[in-house]
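The structure appears right after this line, and notes come after that.
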Amino acid sequence: MPLLRKAGDSPRRSLWQRIKDVALADVTVLARGGVKAGSIERLEEILLEADFGVPVTLRLVDEVKRLATRGDVKTEAEFLKALQSLVAGSLRAGKSDTALVMSGQPPTVIVVIGVNGAGKTTFIGKLSARLRREGKKVMVVAADTFRAGAIDQLRVWAERTGAEFIGGQPGGDPASVAFDAIDAATSRGMDVVIVDTAGRLHTSDSLMDELRKVVRVITRRRPDAPHETLLVLDGTIGQNAVAQARTFSAAVPISGLVVTKVDGTAKGGIVVAVHEAIDAPVKFLGTGEQAGDLEAFDADAFAREVLEG
Amino acid sequence: MFDELSEKVSGVFSKLRGRGVLSDADIKDGLREMRRVLLEADVSFQLTREFLERVEQKAAGIAAIRTVAPAQQLVKIVHDELTAMLGEKREGLVFNSVPPTVVMLVGLQGSGKTTTAAKLARRLKAEGRPTRLVAADVYRPAAIDQLETLGAQLEVPVHADRTTKDVVKIARAGIEEGRRARDRVVVLDTAGRLQIDEQMMAELVRVRDAVHPDEILLVADGMTGQDAVRIAQGFNDALGITGVILTKMDGDARGGAALSIYGATKKPIKYIGVGEKADALEEFHPERMAGRILQMGDIVSLVEKAQEAFDAAEAKKLEKKVRKEGVDLQDFLTAMKQMQKLGPLEGLLKMLPGVNAKMLKQVNSDPKRMKHVEAIVLSMTAQERKTPGIINGSRRARIAKGAGRPISEVNKLLDQFREMQKMMKKATGGGRMSLPPGLMR
Ligand SMILES: Nc1nc2c(ncn2[C@@H]2O[C@H](COP(=O)(O)OP(=O)(O)OP(=O)(O)O)[C@@H](O)[C@H]2O)c(=O)[nH]1
Ligand SMILES: Nc1nc2c(ncn2[C@@H]2O[C@H](COP(=O)(O)OP(=O)(O)O)[C@@H](O)[C@H]2O)c(=O)[nH]1
Ligand SMILES: [Mg+2]
Ligand SMILES: [Mg+2]
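In order, the protein sequence lines correspond to chains L and X.
Just so you know, we're using the numbering used here here: the first sequence kicks off at 1 and counts up by one.
Just so you know, we're using the numbering used here here: the second sequence kicks off at 1001 and counts up by one.
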């Protein structure tokens, strides 16, 4: 399993190292059933600092506490494993299929959405590279007609990855770009068409309406599409991610999550809460700015990374 | 922007506010709730702890001495501490006496540097300071196109050089060009990078050492979580930043990153980004922000913002009236109409004391709803607008008919308005804007 963070560029202390420092001095106390309040508080601190958020942290801490008092967790290794499997288990609960849905009848339509600067366009570049490597015919669609330079940005990614490119005019109607693209992709025999949308904050009603419209016209063109609607989350984001995910998923059904920038120092603990809030699987992780910096999501590896990495 | 945080904090303290005596347990309860509020707002764990310790120390005296209004005093302590945590006073850009002043923007990928560069250029130009933008992001696809497009929209010159990847060279040439053109300010847009990426950080250090920027501003996403401290420290340690700009504050992120970043660097937050357009840049006012967090509302912001649309005399009148009497339905309508002029409804409504996020959701910025609200208020008599208490069943029916809206909508509007008055009463009653009791309705 590839590392989420490239070797050598991570001066951070391992989360697990810190848990051991602060909490595991007490692991024998835990094991004897005498949970020392202080150590549990420190465990809480460590999870909170990894952006797991208050509700998820409290739940995880409670479960570890219960395991310890029951005597199921005795050694350091068991303590770590218990915590990891709780995190991974949370991510595997509910919808958790990480594979991309591929339509039996091409083209498969993928719409990529999210707040400003989350990493949507770059993710599309990387996904295009991956699908091209699998020999698929890919078309990328620049339906971000708002942000300056957004169309050119995606065009560069299309050239880099050998994908076909469809783009609207700056300031044009994103829905009609998407509409035309579905027809073009069908007639050109594409396997996959990936639609880039403008970044938008979930608090803007008019922009959320615009997004709804983009998805609506796609469905009008092809009743089974979009086959995937992927919400891209910046890995450094905090608790607001949950509100974002809720509002986006109320506007358009979300079939999967992509977490970007996990090559940074943020832990991305918030994905657990997001996954629980909208019951959508994490499908990919972005680990850098190059075409190859995309990992298929693996709950166990993620749990390991977030605690040990 | 801080509305959710302020909603929660005020929830905690409204429980305390009414009471004459605070027990230690009351204070502990309040602080425990505060802890959760701050953590859920993405304030760094460490800072949250320090903050609560300071508040607790200062609050200890209150419980012991039977002061006149202990809960109010606790609120004041929290307010003062929050203000201190945000930087005490507002600070603008520092200009070099020998132009051009060089401003370098740095930050993580996607934090908003390029957009902010354009926003700064627009503002500086409007202040009479000719400004040049320099495209020093040679990595992100179409980054140069983005800046050039924005420059063209704003009629601000952009220095770019697609023939080189040497950003030191680009920065030098851009500044030289600015000097020759007698520009007052040159803004360098740099590529986003992780603060742990040594090679990329070294590049920024080279640029800094070559051009000696007067301002090195960290542009950070206002939605950042606990990592904000590490990010801010990383950039500050490597470069010695001079200030911070927080972006995407037009969302509903609680904005704890503001507290974390200032706490970690003690470098002033100079501006906040509140939208994607070039005019969506506001000055950062720590004391206002703290007031907002505590939901005391902010008459000052309201008035200042309103001045752009109202004439000054009218604004003075409104300020005086709001201070003295609170608002009536007529003010409600006037405010709403002004807001249509001002753009985002939320921006202005939030500044009314006691208006919180939940109410904003009800009022909504939908222009159609606004029309309906207006129709309803316009169907009332002057007397009814002044004293909505007299609006009984038959008056409601008449108003509904006149406005062509269902009675339920009239009821809802009156409920919302009453709610707002109640909140205002609480907010103004508990804070620095104490009103003579007789004047409160
Ligand atoms: N380090 C790192 N940077 C990333 C990653 N994904 C994207 N980026 C960078 O983040 C910045 C924003 O990425 P974009 O792909 O333009 O984001 P977007 O969501 O399309 O942005 P808007 O369209 O402006 O809303 C760019 O500088 C990317 O190079 C990642 O996984 N790791
Ligand atoms: N809503 C909102 N979006 C912003 C704000 N500032 C920047 N953005 C958006 O965030 C995204 C990334 O901004 P950009 O300036 O390209 O970031 P850079 O990569 O740091 O140069 C773009 O989609 C911008 O439109 C802001 O204050 N509010
Ligand atoms: Mg994009
Ligand atoms: Mg940029």
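Note that CB positions come from ideal geometry on N, CA and C, so glycine has one too.
Closer than 7 Å at the beta carbon, the chain X residues around residue i
i: residue 153(L); result: 1141 and 1142
i: residue 45(L); result: 1045
i: residue 49(L); result: 1045 and 1226
i: residue 270(L); result: 1225
i: residue 201(L); result: 1248, 1250 and 1251
Contacts around residue i, its chain only, beta-carbon distance under 8 Å, and the 5 residues preceding and following it disregarded
i: residue 61(L); result: 40, 43, 44 and 47
i: residue 1200(X); result: 1191, 1193 and 1194
i: residue 196(L); result: 112, 120, 121, 124, 140, 141, 142, 143, 144, 150 and 154
i: residue 4(L); result: Any reading at residue 4(L) needs caution, since the residue's pLDDT is 27, under 50, leaving its predicted position unreliable; the model's value is listed next. Once the five neighbours on either side are set aside, the close Cβ partners of residue 4(L) are 262, 263, 285, 287, 295, 301, 302, 305 and 309.
Between the CA atoms of residue j and residue i - distance to the nearest angstrom
i: residue 97(L); j: residue 280(L); result: 9 Å
i: residue 1180(X); j: residue 1144(X); result: 22 Å
i: residue 1398(X); j: residue 1414(X); result: 14 Å
i: residue 1250(X); j: residue 1279(X); result: 13 Å
i: residue 1247(X); j: residue 1395(X); result: 47 Å
i: residue 1053(X); j: residue 1079(X); result: 14 Å
i: residue 1196(X); j: residue 1232(X); result: 11 Å
i: residue 1112(X); j: residue 135(L); result: 36 Å
i: residue 177(L); j: residue 1174(X); result: 37 Å
i: residue 27(L); j: residue 68(L); result: Its pLDDT being 42, under 50, residue 27(L) is placed unreliably in this model, and the value from its coordinates should be taken loosely. Whole-angstrom Cα-Cα distance: 9 Å.
i: residue 1183(X); j: residue 179(L); result: 46 Å
i: residue 239(L); j: residue 269(L); result: 10 Å
i: residue 214(L); j: residue 1416(X); result: 34 Å
i: residue 1272(X); j: residue 1133(X); result: 19 Å
i: residue 1209(X); j: residue 157(L); result: 33 Å
i: residue 1093(X); j: residue 1239(X); result: 18 Å
Ligand 2 heavy atom lying under 6 Å from the CB of residue i
i: residue 147(L); result: yes
i: residue 1096(X); result: no
i: residue 180(L); result: no
i: residue 310(L); result: Nothing about residue 310(L) can be read from this structure; chain L reaches only from 1 to 309.
i: residue 231(L); result: no
Cutoff 6 Å; reference residue i; Cβ partners in own chain excluding five residues on either side
i: residue 63(L); result: 86
i: residue 226(L); result: 109, 111 and 218
i: residue 273(L); result: 53, 56 and 242
i: residue 1391(X); result: 1384
i: residue 1256(X); result: 1041, 1042 and 1043
i: residue 1095(X); result: 1101
7 Å Cβ shell around residue i - same chain, five flanking residues per side excluded
i: residue 291(L); result: 125, 126, 129, 160 and 161
i: residue 1055(X); result: 1031, 1077, 1078 and 1081
i: residue 1088(X); result: 1286
Under 7 Å from the C-beta of residue i: neighbouring residues of chain L
i: residue 1194(X); result: 263 and 264
i: residue 1223(X); result: 237, 238 and 240
Any non-hydrogen atom of ligand 1 within 6 Å of residue i CB
i: residue 1189(X); result: no
i: residue 1040(X); result: no
i: residue 120(L); result: yes
i: residue 69(L); result: no
i: residue 292(L); result: no
i: residue 289(L); result: yes
Where residue i meets chain L, residues with beta-carbon distance less than 8 Å
i: residue 1108(X); result: 236, 261 and 264
i: residue 1149(X); result: 148, 149 and 170
Cross-chain neighbours of residue i in chain X, by beta carbon under 8 Å
i: residue 326(L); result: Within the shown structure, residues of chain L are numbered from 1 to 309, placing residue 326(L) beyond reach of any answer.
Check: residue i C-beta below 6 Å from any heavy atom of ligand 4
i: residue 1247(X); result: no
i: residue 1136(X); result: no
i: residue 1114(X); result: yes
i: residue 1220(X); result: no
i: residue 1143(X); result: yes
Residue i: CB within 6 Å of a non-hydrogen atom of ligand 3
i: residue 1265(X); result: no
i: residue 250(L); result: no
i: residue 234(L); result: no
i: residue 298(L); result: no
Residue i: contacting residues in chain X (beta-carbon distance under 9 Å)
i: residue 243(L); result: 1004, 1251, 1252 and 1253
i: residue 214(L); result: Here the premise fails: no neighbours, minimum Cβ distance about 17 Å.
Residues that residue i contacts on chain L, provided the C-beta gap is smaller than 9 Å
i: residue 1146(X); result: 147, 148, 149, 150, 152 and 153
i: residue 1412(X); result: Within 9 Å Cβ-Cβ: nothing; residue 1412(X) doesn't reach chain L, min ~18 Å.
Within chain A, partners of residue i - CB distance below 8 Å
i: residue 54(L); result: Considering every chain present, this structure includes no chain A. Its protein chains are L and X.
message: Restricting to runs no shorter than 4 residues, where is the alpha helix (DSSP H) found entirely within the region 56-119 of chain L?
response: 76-92
- request: Could I get the ranges of all uninterrupted alpha helix (DSSP H) runs contained in the region 1116-1162 of chain X, with 4 residues as the minimum, in chain order?
  value: 1143-1154
message: To test your reading of the DSSP string, which unbroken beta strand (DSSP E) runs of 3 or more residues are found completely within the region 1216-1285 of chain X?
response: 1243-1247, 1269-1273 and 1281-1283
- request: Return the chain-ordered ranges of every beta strand (DSSP E) run that is complete within the region 215-243 of chain L and spans a minimum of 3 residues.
  value: 228-234
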